[in-house]
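Quick notes on the structure that follows.
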Amino acid sequence: MLFKALTLAFIAISSASAAPDGTTNSLNRRTGTQYCGEATWVPPRGSTPGYCKCPYEGQIYKQYSCDCPDAQTLKNRKCVNKCPDDSEYKPGSSGSWSCVCDDDGAAWSSSSGQCSCKSGKESVQGKCVDKCPGGTTRQGDGACKCNDPKKEVFKGSCVDKCPQYSTRQNNGNCKCQDDKELVKGVCVDKCPQYSTRQSDGSCKCNDPNKEISKGACVNKCPKDTTRQADGSCKCDDGNKELVKGVCVPTCPTGSTRQSDNSCKCTDDKQEIVKGAYDTCKCDAEGFEIVNGECKEKCPKDSERQEDKSCKCTTDGYEIVGGECKPECPEGSTRQQDDTCKCDTDGYELIKGESGYEIIKGECKPECPKDSSRQEDDTKNICTCKPGNEPVKDKCTPKCEGDSTRDNDGNCVCSKPNTVLSGKKCVCKDGYKPTKKGCKKDCGSYAYDKDDVCVCKKAGQTFNEDKTCTCPTDTRWNGKMCASNCGSEACWSNSAKGCVCNKSGMDFDSGAKTCSCPDKKVWSDGQCHIDCGKLATWHKKSQTCVCPKKGQTFNPTTLGCGCTSGKIWSGKECITDCGDYASYNSRSGTCVCDKKGQTFDADEKTCGCPDGKVWSKNQCTVDCGDAASWDGHAGKCVCYNKNLVWADKKCTCGTGRKMVGKGCVRSRF
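Just so we're aligned: the sequence shown equals residues -18 to -1, 1 to 650 in mature numbering (1 follows the signal peptide of the UniProt record, and there is no 0).
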């Protein structure tokens, strides 16, 4: 210190004195060196002059001291930016400074020295954006989407989506495209000119004689017509056409509409015939025009009469089905199938050489089925064919075998459990012939007892397929039908049902198996909750225990993990100390990586205590830009030793003023 003071005094009185800035003008002529304060003198080499070199990278030498540039601070023996990479340094008054974050949604914290998202914002893809409002979910592209598919986000809240063909305006309203308007929440085409929107949302022409067609008000279609897709009007009756606003019959084929709206045949030799449909020529084959009407042509061997009808040319014949046939004889009537039938039931017509006629002038009773008419000069009777016999005026097949005729004339079987099949008596369905007659067919597993099938094995039930089985939920054990509980359960008389061999399991009567209820699993002799792949069941505590110390089992995910904001260190669950502190297992607290800084548990950041800043690898009192903390003196000392520090400023003090780089007494 004594040497430094003497050297300073010598420089002050030297004729070549100047502020030590590394130039040769401030060299000590005797020693060839310059006093550099905190810096180290580097002697000249060749054409390179000597200079004062600061001890740490990036420092700037000024007035015996070395400091980092205004926007930087000393850290790890080199000058680094005071502000993080995502911010810009901003100097303030009286030596103060701050950092302005590049992201408008972020704010810089002096305690942590970092930029973090402001309140109400969160980091998404490296940028601070507004948090998604309630009822929404952040999407993969970073946008917020309403959980309700019928809504969309607008100015921080979910609102009903605008209808199709509309866009959202700045005031939140929905506006339809120019050719549409909003009606009952839907964008619809604007009403055409000269029409008005009705209460039901439809458009109606102002003129009651007009209606809307293809976006315009046009005259209504006349009575009995309908508007077509092309906008024209068409008569509802397919046989009519619209002529001068009125539906009139369509002109027939082979004719044209005249100026007076009438129809005229194009062939002058033809004329239009009035009928069901106007025509100039009979359309149907076999028809001809008779006195202006289409009439069916007369059949062969007939002629047209004056009354326009047709008549057979031969007497005793009449027109039937488009041809001349003999008239029906007396006592008979023409039927719908054009045949003749006797008017008296039981009588039939007998064919003769000349067609339909009555044998000997009268209708005779028709012979029964399976009989034939016997004719001679005196008789005309019916006799049964061989194998038949007369029964109640009918020829009926004779009864055969064990069957006999009953009072009703039917053949019936006399032996028990037999039925008539064809002409023979056989055992009825479900029975088989034996030496003692027809007995019930019970198959090979049962026998007939009083016309009932009884199973040979006691307790079994006879089935329709002639098999015997034990009742439901029982099975044959070699001696009897016992309850069938499968291999995992057994029958309980007290419970009156199957009980699982493993206590706590439920029995499935359909599958005959046992399983734990409510998705539980079986181990250690009991049903318990599923512990997943990581945890194991602890029988004493009746809980799932994770293998790693401090981790807790999650019954929802069936996994293990640290809880209450803790993280896994590789050995145990420890408190999450963030990026700027480490967990001290001995004290059980977070300790800042930078010695002297204190940990903020809420923000998980580190910073110097109030009134202190991080400088020269430690927390020191904020002395401003013109002074630094002197640990030995326990106070802020100005870089210019002639000045006095107070309130983060270096001045000459009361009654003194700055002259050059020194302080002198003020005269005033």
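All C-beta atoms in this analysis are idealised placements derived from N, C-alpha and C, irrespective of residue type, glycine included. Because the structure is a prediction, the values reported are computed rather than measured.
### Message
For E382, tell me which candidate among V408, Q533, T454 and C509 has the shortest Cα-Cα distance.
### Response
When only C-alpha atoms are compared, the closest one is V408.
### Task
Check each candidate in V106, K133 and V135 and name the one with the smallest Cα separation from G122.
With distances taken between Cα atoms, G122 lies closest to V106.
### CB of C65 within 7 angstroms of CB of Q54, strictly
The Cβ atoms of C65 and Q54 do not sit closer than 7 angstroms to each other.
### Query
Out of curiosity, what's the CA-to-CA distance linking C99 and D67?
Taking the straight line from one Cα to the other gives about 15 angstroms.
### Message
Assuming P379 and N370 are in contact, meaning their beta carbons sit under 8 angstroms apart, how far apart are those beta carbons, in whole angstroms?
### Response
Confirmed, about 6 angstroms.
### Message
For P115 and C126, I'd like the C-alpha separation in whole angstroms.
### Response
Rounded to whole angstroms, P115 to C126 spans 8 angstroms at the Cα level.
### Message
Quick check: the Cα distance between K246 and K222, rounded to an integer number of angstroms?
### Response
Straight-line Cα distance between these residues: approximately 16 angstroms.
### Message
Let's test the definition: count the other Cβ atoms within 10 Å of the Cβ of Q175 and tell me whether it reaches 16, buried, or not, exposed.
### Response
With a 10 Å radius around the Cβ and a threshold of 16 neighbouring Cβ atoms, Q175 comes out exposed.
### Sheet register partners of R316 (DSSP bridge)
In DSSP, R316 forms a bridge with C322.
#### Entry: Range of the contiguous beta strand (DSSP E) that encloses C99
Q96 to C99 is the span of the beta strand (DSSP E), which, as asked, contains C99.
### Query
Pairing CB atoms from the segment 479 to 486 with CB atoms from the segment 454 to 471, are three or more of them under 8 angstroms?
The count of Cβ pairs closer than 8 angstroms, one atom from the segment 479 to 486 and one from the segment 454 to 471, reaches three, so the stretches are in contact.
### Closest residue to C498 among S491, Y43, T449 and H510 (Cα-Cα distance)
Check the Cα spacing between C498 and each of S491, Y43, T449 and H510: the tightest is with H510.
### Query
Would you call the CB atoms of R457 and N466 closer than 7 angstroms?
Taking a C-beta distance under 7 angstroms as the contact criterion, R457 and N466 qualify as a contact pair.
### Query
With a CB to CB cut of under 7 angstroms and the five nearest residues on each side skipped, what residues in its chain are close to S237?
Answer for S237: C245, K246, C247, T248, I254 and C262, listed in chain order.
#### Entry: For G606 and K631, believed in contact at Cβ under 8 angstroms, the rounded distance
Rounded to whole angstroms, the Cβ separation of K631 and G606 is 6 angstroms, and the two are in contact under 8 angstroms.
### Query
When you compare only the Cα positions, how much space is there between T5 and S551?
The pLDDT assigned to T5 is 36, lower than 50, so where the model puts this residue is not dependable; a value taken from the coordinates is nonetheless given after this. Going from the Cα of T5 to the Cα of S551 covers about 57 angstroms.
#### Entry: Which of helix, strand or coil DSSP assigns to M462
It is coil, neither helix nor strand.
### Message
Between the alpha carbons of A266 and S214, how many angstroms are there, rounded?
### Response
C-alpha separation (whole angstroms): 33 angstroms.
### Task
Check whether the Cβ atoms of W611 and C601 lie closer than 7 angstroms to each other.
No, the Cβ-Cβ distance between W611 and C601 is not below 7 angstroms.
### Query
Taking Cβ to Cβ, would you say T534 is nearer than 7 angstroms to T525?
Contact flag unset, no.
### Query
In the structure shown, what three-state DSSP assignment does R647 receive?
Strand, per DSSP.
### Query
Assuming D384 and K397 make a contact with CB atoms under 8 angstroms, what is their CB distance in whole Å?
The beta-carbon separation of D384 and K397, rounded to 6 angstroms, stays under the 8 angstroms limit for a contact.
### Where D249 falls: helix, strand or coil (DSSP)
In the structure shown, D249 sits in coil (DSSP, three-state: anything other than H, G, I, E or B).
### Message
Given a cut-off of 7 angstroms on the beta-carbon distance, is the pair G117 and C140 in contact?
### Response
If you check the CB distance, G117 and C140 come in under 7 angstroms.
### Task
Could you round the C-beta distance between G560 and T580 to whole angstroms and report it? I think they count as a contact, below 8 angstroms.
Taking C-beta atoms under 8 angstroms as the contact rule, G560 and T580 fail to qualify, at a distance of about 13 angstroms.
### Query
Could you give the residue range of the beta strand (DSSP E) that holds M640?
Residues R638 to V641.
#### Entry: Range covered by the beta strand (DSSP E) that runs through R150
Run containing R150: S148 to R150, per the beta strand (DSSP E) assignment.
### Segment limits, beta strand (DSSP E) that includes H520
H520 -> beta strand (DSSP E) spans T518 to H520.
### Query
Three-state secondary structure (DSSP) at G532?
When DSSP states are grouped into helix, strand and coil, G532 belongs to the coil group.
### Task
Output yes or no for whether 7 angstroms exceeds the beta carbon distance between D165 and G183.
Asp is not the amino acid found at residue 165; the sequence shown has Val there. Yes, these two residues count as a Cβ contact at 7 angstroms.
### Task
May I have the straight-line CA-CA distance separating D242 from E275, to the nearest angstrom?
For D242 and E275, the distance between alpha carbons rounds to 24 angstroms.
### Task
Give the straight-line distance between the Cα atoms of S101 and G197, rounded to the nearest whole angstrom.
Take the alpha-carbon of S101 and the one of G197: they are about 55 angstroms apart.
### Query
Can you tell me the Cα-Cα spacing of K109 and V24, whole angstroms?
K109 and V24: Cα-Cα distance of roughly 48 angstroms.
### Query
Is C81 closer than 7 angstroms to S69 when the C-beta atoms are compared?
Less than 7 angstroms separates the beta-carbon of S69 from that of C81.
### Message
In the DSSP assignment, the beta strand (DSSP E) including H510 goes from what residue to what residue?
### Response
Q508 to H510 is the span of the beta strand (DSSP E), which, as asked, contains H510.
### Task
With DSSP as the reference, please indicate the residues paired to G541 in a beta bridge.
G541 has N536 as its beta-bridge partners, per DSSP.
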